[in-house]
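Engineer: Just add 3 to wherever you are in the sequence shown, counting from 1, and you've got the numbering used here.
What follows is a structure written as structure tokens; I'll ask about it next.
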Amino acid sequence: MAKPVIYIGQILAWAELHRRRTGRWPDALDGRVFDGPGLTWMAVDMALRKGLRGLPGGQSLAKVLHAFRQKRHLHYLVPLTAELILSWADEYHQRTGTWPIATSGHIPEAPGETWLRVETALRDGLRTLSGGSSLARLLAEHRGVRNLGDLPPLSHEQVLAWADAHRARTGDWPAKKSGPIPEAPGEDWSAVGGALYDGSRGFSGGTTLAQLLAEHRGVRNLGDLSPLSYEQVLAWADAHRARTGNWPTGTSGPIFGTPDETWSAVDAALTNGCRGLPGGGSLIQLLAEHRGVRNRMALDRLTPEQILAWADAHRARTGNWPNSGSGSIPEAPGEVWSAVNAALTNGNRGLPEGGSLAQFLAQHRGKRNHKALPRLTPERVLAWADAHHARTGRWPNRNSGAIPDAPGEGWSAVDAALFVGVRGLTGGESLAQFLARCRGARNRSALPPLSIEQIRAWARAHHQRTGTWPGRNSGPIPEAFGETWQAVHFALRRGGRGLTMSSLSQVVRELDGEPARRAGRND
Numbered sequence: 004m005a006k007p008v009i010y011i012g013q014i015l016a017w018a019e020l021h022r023r024r025t026g027r028w029p030d031a032l033d034g035r036v037f038d039g040p041g042l043t044w045m046a047v048d049m050a051l052r053k054g055l056r057g058l059p060g061g062q063s064l065a066k067v068l069h070a071f072r073q074k075r076h077l078h079y080l081v082p083l084t085a086e087l088i089l090s091w092a093d094e095y096h097q098r099t100g101t102w103p104i105a106t107s108g109h110i111p112e113a114p115g116e117t118w119l120r121v122e123t124a125l126r127d128g129l130r131t132l133s134g135g136s137s138l139a140r141l142l143a144e145h146r147g148v149r150n151l152g153d154l155p156p157l158s159h160e161q162v163l164a165w166a167d168a169h170r171a172r173t174g175d176w177p178a179k180k181s182g183p184i185p186e187a188p189g190e191d192w193s194a195v196g197g198a199l200y201d202g203s204r205g206f207s208g209g210t211t212l213a214q215l216l217a218e219h220r221g222v223r224n225l226g227d228l229s230p231l232s233y234e235q236v237l238a239w240a241d242a243h244r245a246r247t248g249n250w251p252t253g254t255s256g257p258i259f260g261t262p263d264e265t266w267s268a269v270d271a272a273l274t275n276g277c278r279g280l281p282g283g284g285s286l287i288q289l290l291a292e293h294r295g296v297r298n299r300m301a302l303d304r305l306t307p308e309q310i311l312a313w314a315d316a317h318r319a320r321t322g323n324w325p326n327s328g329s330g331s332i333p334e335a336p337g338e339v340w341s342a343v344n345a346a347l348t349n350g351n352r353g354l355p356e357g358g359s360l361a362q363f364l365a366q367h368r369g370k371r372n373h374k375a376l377p378r379l380t381p382e383r384v385l386a387w388a389d390a391h392h393a394r395t396g397r398w399p400n401r402n403s404g405a406i407p408d409a410p411g412e413g414w415s416a417v418d419a420a421l422f423v424g425v426r427g428l429t430g431g432e433s434l435a436q437f438l439a440r441c442r443g444a445r446n447r448s449a450l451p452p453l454s455i456e457q458i459r460a461w462a463r464a465h466h467q468r469t470g471t472w473p474g475r476n477s478g479p480i481p482e483a484f485g486e487t488w489q490a491v492h493f494a495l496r497r498g499g500r501g502l503t504m505s506s507l508s509q510v511v512r513e514l515d516g517e518p519a520r521r522a523g524r525n526d
């Protein structure tokens, strides 16, 4: 039975479906044809080539896609020349500031071309090029671009001259990470170090930049330091203690009396196990073991009983319970209250996590914890205020000190809680505003407005009662509870409480019709 006829249109439809599903056009090796019953792309390509299944023959899948869908075909690529490639490279350099390499991607000036295809053509002699070249060689020859694959030879003398110039310019000898070498454009110390070690660019290899500088310039080579011993390190530590009064740490800087040693290098050698030391330790561990120095990374375990004993001793000595800022603990040399607080908070040194020194003392000694104060209610605050008023004849304010009816409480803390809205209170008002609202107490920050007529009436009553006109020192005004002539005087002088700027003496003159001295010398 004859196989069904295939049409070019069908092949193109199958190819477009393939591209939608895979992201590329098919070739003869892509296996089964999507939506092509029993067909493979190899069979389609063979039918196009041999003229099978109604096709004309002499074609191929690649040729059909090139003719009808403009897919690139190696047999139809435009010839390349050095001049054409160089023109694309010049455009790339102008656009990016760098020269292209094989991995620089697509060439915008030549749709479908990539720098990798250009590199392959230069190397393999494709598309009319002679071969045996590369993009790097072409740019080095015609544009003077540095070819990393064909660098000029180096010598020890040249490298040392560059190192001397680096030292003169910066004050330090170069290392592999010192970057570009200004005296040799295109060169950098990393490449020089690599050539010394790899044996390229005329070097024998097996040497590092550090070894070269150590041999010819006496520079300390951190990779080839002299061995250390515990005895040597302890001798340096004893000398440091004698000179400074403190034991050294890893951050104590250079070691006095040595040309280039530092405490950080010694600590690293003790930790990492180099320079003849076994490793796994540290400077502080060595000093703790051999000199009894306190090691903060290996502190003794703490117990609640121990902390409470120290706290009781602190209270007996100072009259106060300790807090995290109370400093050292005389009963435990080396211990401080901040470290105890940290151990309680973080749950280390054998203590459970999640507390603090304040919480611990609140739980075990009933100490007031300012971060966990009991709730307040308006009724409770008013009861304390009424008691204060009954005891002193005055309403409390934020500066009235401790509240005898509530040990540990103070009026400043109550005022803050009322204003901020903590400890169960809604917030937004001060103690003065609260007492003014709930007890009618006079609030100096929100005094009622005054008027000249009101002041005149009080002055006439004062004159009728005393036979003299009032002055600033005439005391309280019986007709206005809470008011004083001094407060009225300042309100007039400052233009406050709804008054225009004036003076008490001016008001009195207008009433008396005589000079202000009638008010006496009080004003």
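Built from N, CA and C at the ideal position, the CB exists for glycine as well.
1) For W91 versus I110, is the C-beta distance shorter than 7 Å?
2) Between the Cα of H219 and those of H159, A240 and T429, spot the shortest distance and give me the residue it belongs to.
3) Kindly indicate which three-state DSSP category R27 falls into: helix, strand or coil?
4) Scan the region 275–325 and note each continuous alpha helix (DSSP H) run of 4 residues or more that stays entirely inside, going in chain order.
5) So the alpha helix (DSSP H) P381 belongs to, where does it begin and stop?
6) Below 8 Å on the Cβ atoms is my guess for L421 versus E412; work out the distance and round it to an integer in Å.
7) Along the chain, where does the alpha helix (DSSP H) that runs through Q366 open and close?
8) Measure the alpha-carbon distance for E122 versus H96 and round it to whole angstroms.
9) W239 lies in the alpha helix (DSSP H); which residues open and close that run?
10) Considering Cα atoms alone, identify which of R368, Q362, A444 and S341 is closest to A388.
11) Would F206 and A217 be called neighbours here (beta carbons separated by less than 7 Å)?
12) For P479, list the residues DSSP reports as bridge partners.
13) Report yes or no: do three or more beta-carbon pairs, one from the region 324–341 and one from the region 309–316, lie closer than 8 Å?
14) Counting Cβ pairs closer than 8 Å, one from the region 282–289 and one from the region 230–250, do we hit at least three?
15) Helix, strand or coil for D153 per DSSP?
16) Whole-angstrom Cβ separation of L138 and W118, contact assumed at under 8 Å?
17) Taking all protein chains shown into account, decide if R475 is buried (16 or more other Cβ within 10 angstroms of its Cβ) or exposed.
18) Please name the residue, chosen from W472, A113, R120 and L154, that lies closest to V510 on a Cα-to-Cα basis.
19) Taking its Cβ as the centre, do 16 or more other Cβ atoms sit within 10 Å of G260, making it buried, or is it exposed?
20) Could you name the residues that DSSP lists as bridge partners for A405?
21) Are R56 and A65 closer than 7 Å when you measure CB to CB?
22) State buried or exposed for K74, treating a residue as buried only when at least 16 other CB atoms are found within 10 Å of its CB.
23) Would you kindly check if the distance between the Cβ of L364 and the Cβ of L347 is under 7 Å?
24) Express the C-alpha separation of T210 and G204 in angstroms, rounding to a whole number.
25) So the candidates are H492, R440, R447 and L434; which of them puts its Cα closest to the Cα of A462?
26) Can you give me the Cβ contacts of E19 inside the same chain, cut-off strictly under 7 Å, excluding the 5 residues immediately before and after it?
27) Name, in chain order, the residues that DSSP records as bridge partners for R35.
28) What are the residues that DSSP puts in a beta bridge with D270?
29) Kindly list the residues whose CB is nearer than 8 Å to the CB of V296, restricted to its own chain and excluding five residues on each side of it in sequence; keep chain order.
30) Return the first residue and the last residue of the alpha helix (DSSP H) that F437 is part of.
31) What does a CB cutoff of less than 6 Å around A405 pick up in its chain, not counting 5 residues either side in sequence?
32) Just the Cα atoms here: how many angstroms apart are L495 and I455?
33) Which stretch, first to last residue, makes up the alpha helix (DSSP H) that contains L514?
34) Mind checking who V339 pairs with in its DSSP beta bridge?
35) Would you report the Cα separation of V269 and A178, rounded to the nearest angstrom?
Structural biologist: Quick answer:
1) Taking the sequence shown and counting its residues from 1, the one referred to as residue 91 is at position 88. Taking the sequence shown and counting its residues from 1, the one referred to as residue 110 is at position 107. In this structure, I110 lies closer than 7 Å to W91 by Cβ.
2) Here residue 219 corresponds to residue number 216 of the sequence shown, with the count starting at 1. Here the closest residue by C-alpha is H159.
3) Along the sequence shown, read from residue 1 onward, the residue named residue 27 stands at position 24. Reduced to three states, the DSSP call for R27 is coil.
4) 286–294 and 307–321
5) Translated into positions along the sequence shown, residue 381 becomes position 378. Element bounds for P381: P381 to T395.
6) Within the sequence shown, the letter at position 418 stands for residue 421. Within the sequence shown, the letter at position 409 stands for residue 412. Not a contact, Cβ separation roughly 13 Å.
7) Along the sequence shown, one-based indexing puts residue 366 at 363. Per DSSP, Q366 belongs to the alpha helix (DSSP H) from L360 to R368.
8) Against the sequence shown, residue 122 aligns to sequence position 119. Against the sequence shown, residue 96 aligns to sequence position 93. Rounded to whole angstroms, E122 to H96 spans 17 Å at the Cα level.
9) Mapped onto the sequence shown, residue 239 falls at position 236. Where W239 is concerned, the enclosing alpha helix (DSSP H) stretches over Y233 to T247.
10) On the sequence shown, residue 388 is found 385 positions in, with the first residue counted as 1. Considering only alpha carbons, the answer is A444.
11) The residue you call residue 206 lines up with position 203 of the sequence shown. The residue you call residue 217 lines up with position 214 of the sequence shown. Cβ atoms of F206 and A217: not closer than 7 Å.
12) The count along the sequence shown starts at 1 and reaches residue 479 at position 476. Within the DSSP secondary-structure output, P479 pairs in a beta bridge with T487.
13) The region 309–316 and the region 324–341 touch, with three or more beta-carbon pairs separated by less than 8 Å.
14) yes
15) In the sequence shown, residue 153 corresponds to position 150, counting from 1. Of the three classes helix, strand and coil, the one that applies to D153 here is coil, per DSSP.
16) To locate residue 138, count along the sequence shown from 1; it is residue 135. To locate residue 118, count along the sequence shown from 1; it is residue 115. So it is a contact: roughly 7 Å between Cβ atoms.
17) Stepping through the sequence shown from its first residue, residue 475 is reached at position 472. Classification for R475: buried.
18) Mapped onto the sequence shown, residue 510 falls at position 507. The option with the nearest alpha carbon to V510 is W472.
19) For this step, residue 260 is matched to residue 257 along the sequence shown. G260 is exposed by the Cβ-count criterion.
20) The residue given as residue 405 occupies position 402 in the sequence shown. DSSP, once it has assigned bridges, lists G413 as partnering A405.
21) As a first step, residue 56 must be located in the sequence shown, where it is residue number 53. As a first step, residue 65 must be located in the sequence shown, where it is residue number 62. Not closer than 7 Å, so no.
22) To locate residue 74, count along the sequence shown from 1; it is residue 71. Burial call: buried.
23) Within the sequence shown, the letter at position 344 stands for residue 347. Within the sequence shown, the letter at position 361 stands for residue 364. Going by C-beta atoms, L347 is not nearer than 7 Å to L364.
24) Residue mapping note: residue 204 aligns to position 201 of the sequence shown, counting from 1. Residue mapping note: residue 210 aligns to position 207 of the sequence shown, counting from 1. Checking the sequence, you will find Arg at residue 204 rather than Gly. Straight-line Cα distance between these residues: approximately 13 Å.
25) Taking the first residue of the sequence shown as 1, we reach residue 462 at position 459. The shortest C-alpha separation from A462 is found at H492.
26) As a working mapping, residue 19 is identified with position 16 in the sequence shown. Scanning its chain for C-beta atoms nearer than 7 Å, with the 5 sequence neighbours on each side dropped, one finds no residue around E19.
27) Along the sequence shown, one-based indexing puts residue 35 at 32. Answer is T43.
28) As a position in the sequence shown, residue 270 is number 267, starting the count at 1. Paired residues: none, contrary to the question.
29) Along the sequence shown, read from residue 1 onward, the residue named residue 296 stands at position 293. Excluding sequence neighbours, V296 sits near W250, I287 and L290.
30) Reading the sequence shown from its first residue, position 434 is the one you call residue 437. Its alpha helix (DSSP H) spans residues L434 to R442.
31) Mapped onto the sequence shown, residue 405 falls at position 402. Hits under 6 Å: G413.
32) As a first step, residue 495 must be located in the sequence shown, where it is residue number 492. As a first step, residue 455 must be located in the sequence shown, where it is residue number 452. For L495 and I455, the distance between alpha carbons rounds to 9 Å.
33) Your numbering for residue 514 matches position 511 in the sequence shown. Unbroken alpha helix (DSSP H) run through L514: L507 to D515.
34) Residue mapping note: residue 339 aligns to position 336 of the sequence shown, counting from 1. Paired residues: S331.
35) Translated into the one-based positions of the sequence shown, residue 269 becomes position 266. Translated into the one-based positions of the sequence shown, residue 178 becomes position 175. Straight across, the Cα-Cα distance linking V269 with A178 is about 21 Å.
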